[in-house]
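When we follow our numbering, the leftmost residue of the sequence shown carries the number 442, and every step to the right adds one. This report refers to the structure that appears directly beneath it.
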Amino acid sequence: MIVFFVHKATFYATIGAMNRKAHNSKKPTKKPALHGARPSAPRSGRGSRAQAPAPARETRERDSRGQGSPASKRTPAAAGTVHEHAPSARTAAAGTGASCPVEAQCGACEHVSMPYGDQLALKQRSMEDLFADWAPQGAVRPILGMDDPFHYRNKVTSPFAPGRRIDPAESRGRSCRAYGRDGRTAGKGKAARAAAPRHEILTGMYAAHSHRLVPTDACLLENQQAKAVIAAVRDLMPRFGLLPYREDAHAGFVRHAVVRVGHESGEVLVTLVTNGKEFPGSRAFCRELVRRCPFVTTVVQNVNLRQTNVILGEEERTLYGPGFILDTLCGLSFRISSHSFYQVNAVQTEVLYRQAMELAGLAGTQTVVDAYCGTGTIGLVAAKSGAARVIGVDNVASAVRDARQNARHNGVANAEFVAADAGDFMCALAAQKSGCTPAADARDVPASALTPAADAESATALAPAVDIAGTPVPAPDVPTPAGDLVLFMDPPRAGASEAFLDAACALAPERIVYISCNPETQVRDVARLARAGYEVRAVQPVDMFPHTSHIESIALIVRGKSKEASS
């Protein structure tokens, strides 16, 4: 006779596991959803809407290559998971469409299932039709596409929201600290057991016109390292007792994660947007995040206490690393923080800027006015590409501060930046040159009033720009452009104002290089310039956002003979 001695706890645990297995085997199996069918909304019904008026993807952002992050090539072991269905460049070149498992639910990539060559042909015809009445035959050049149009988005933003309710048996044994209404840790023991996760945490993108989050772990457009960071944050939240944000109740702690990957540098900035200032255990959280994603170079907490769809708040603190990353674009180094505007497709951005410089025909004698300059990327590239002098203007003071810092960082001495409304600034320049009558609200704008300017969002006075040490940096007065004048304009999607265009005509630059993320408003503005005597010489489309309907466009507009005679 053989006698087995079994520990009592082990015996009962084994019996319990057998019972649970038998019980689960009786549950009906869920039929898989048909490809393209819309899944039902999360049972909790408590999603959080993403940034309000923005499309599914940030259409104001633009960039270049799209082979994923170069950092993924430098540190392949640290890169995000490569999904089997992600097509290779050879697949795209062969003319086959990509297969996205959530194409119908997400809706952000309207053309992802269309062969890439067909996408480019469709966009080319669209541009030729748009400019048919305003550009001569053959002026619209062939669209510039990407060699590998996948995983090109080097900025990834994901909300966090509660999903389906978790069965208590599932959460049993999970390591979790207790948390309060705002998701902060509150203790251990009974409180921690009561605070065990009750809902799964959802990440991804919101379906169009809904509060329903669509998981996009296998997104074909977003950088794979950035997606790995989003997944790591999600997986760490229960362990540190951090609740996802619930928009309806304005409760929960983690609202969004924004991950930016330097295309050339490989540096990674993680911005955690929280619904509270206190972040207990933040050092341990960052330590574990970096252990899981060793390519992360800095982590920033952004506090947004407002009940709003705007993603970022104003208050920030650095949790790990320097609080910013550096990246290289067109041979220049740029400092990128959580609030910095920086193109999401770095490969195509270089294509875009080099085409713009070629069309501008800079030869060392021209003064360039860079309107809507942002952080100075276009103006600084122009300063290094043959411009004698660059004058950048933007109405966002923080962007102008970044532009001045970027100029100093790159040793660019022939560029200056002004914080002012672009239309008012152009009117002041035109009035100084030819005595034109600017718009009523800009008629008496003195040079000293151009900095600081009124911020477009807050309509309050802006503080003067300061350098890294906090020392005020004097802004230039209204300059007097010398030599031939070239105007670079890169307005938002709404296009330029009539006052701006009228001032541009009065200023009479030799060439206007109009960069646009919305060709429809670009054509509208081109028509107004054409009625004032300007002519379209060339239009260069650039496919900044493959698999979507968006197109980036550069139009070269020159003074006509009648305009030259009158000026």
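Here a beta-carbon is modelled for each residue, glycine too, at the ideal position from N, C-alpha and C.
Work out the CA separation of residue j and residue i for me, nearest whole Å.
i: Y813; j: L800; result: 19 Å
i: V834; j: A690; result: 41 Å
i: A698; j: Y975; result: 46 Å
i: V809; j: E857; result: 11 Å
i: L746; j: P577; result: 53 Å
i: E964; j: R606; result: Here residue 964 is Val; the residue named in the question, Glu, does not match the sequence. For V964 and R606, the distance between alpha carbons rounds to 51 Å.
i: V822; j: L773; result: 8 Å
i: G764; j: V741; result: 6 Å
i: Q846; j: R776; result: 8 Å
i: G703; j: N595; result: 7 Å
i: R758; j: I584; result: 42 Å
i: L662; j: H991; result: 14 Å
i: A602; j: A562; result: 39 Å
i: V744; j: V999; result: 47 Å
i: F681; j: A673; result: 12 Å
i: V927; j: I832; result: 11 Å
i: A944; j: G802; result: 23 Å
i: F929; j: C541; result: 38 Å
Per DSSP, what kind of secondary structure is residue i in: helix, strand or coil?
i: M798; result: helix
i: A817; result: The residue you asked about is not Ala; residue 817 is Gly in the sequence shown. DSSP places G817 in coil when its eight states are reduced to three.
i: T790; result: helix
i: V834; result: strand
i: V543; result: coil
i: L683; result: coil
i: Y557; result: helix
i: R696; result: strand
i: R934; result: coil
i: R776; result: strand
i: G864; result: helix
i: L662; result: coil
i: R653; result: coil
i: L928; result: strand
i: M587; result: coil
i: V853; result: coil
i: V785; result: coil
Name the DSSP beta bridge partners of residue i, please?
i: T739; result: L710
i: M985; result: Paired residue(s): none; M985 is not in a bridge.
i: V581; result: V980
i: V1009; result: Any question about residue 1009 goes unanswered here, given that the chain covers just 442 to 1008.
i: H592; result: Beta-bridge pairing links H592 to no other residue.
i: M646; result: V655
i: I998; result: I953 and V977
Residue i lies in the beta strand (DSSP E); which residues open and close that run?
i: D811; result: T808 to A812
i: I992; result: Unbroken run through I992: none, as it is neither H nor E.
i: K596; result: K596 to P600
i: T769; result: I766 to L770
i: H640; result: H640 to L643
i: I956; result: R952 to S957
For residue i, I'd like the list of residues in its chain whose CB is within less than 6 Å of its CB, leaving aside the five on either flank, ordered along the chain.
i: F986; result: none
i: E708; result: T738 and I766
i: P933; result: none
i: S599; result: T644, I671 and A698
i: S651; result: none
i: T712; result: V699, V741, N743 and S779
In terms of residue numbering, what span does the alpha helix (DSSP H) encompassing residue i cover?
i: E755; result: Segment: none, E755 is in no alpha helix (DSSP H) and carries neither H nor E.
i: E729; result: S723 to R733
i: T962; result: P960 to R972
i: L746; result: Taken as a continuous stretch (DSSP letters only), L746 belongs to no alpha helix (DSSP H), as it is neither H nor E.
i: R675; result: Q665 to L677
i: F941; result: E939 to L948
Looking only at its chain, what residues have a beta carbon closer than 7 Å to the beta carbon of residue i, apart from the 5 residues adjacent to it on each side?
i: S706; result: I766, L767, D768 and T769
i: G805; result: G827 and A829
i: Y931; result: In the sequence as displayed, the identity of residue 931 is Asp instead of Tyr. The residues are Y813, I819 and I956.
i: N851; result: L773, S774 and L821
i: S781; result: T816 and D843
For residue i, which residues in the same chain have their Cβ closer than 8 Å to its Cβ, ignoring the five residues on either side in sequence?
i: M568; result: V581, I584, P960, V980, P982, I992 and S994
i: N855; result: A824, A828, A829, R830 and V831
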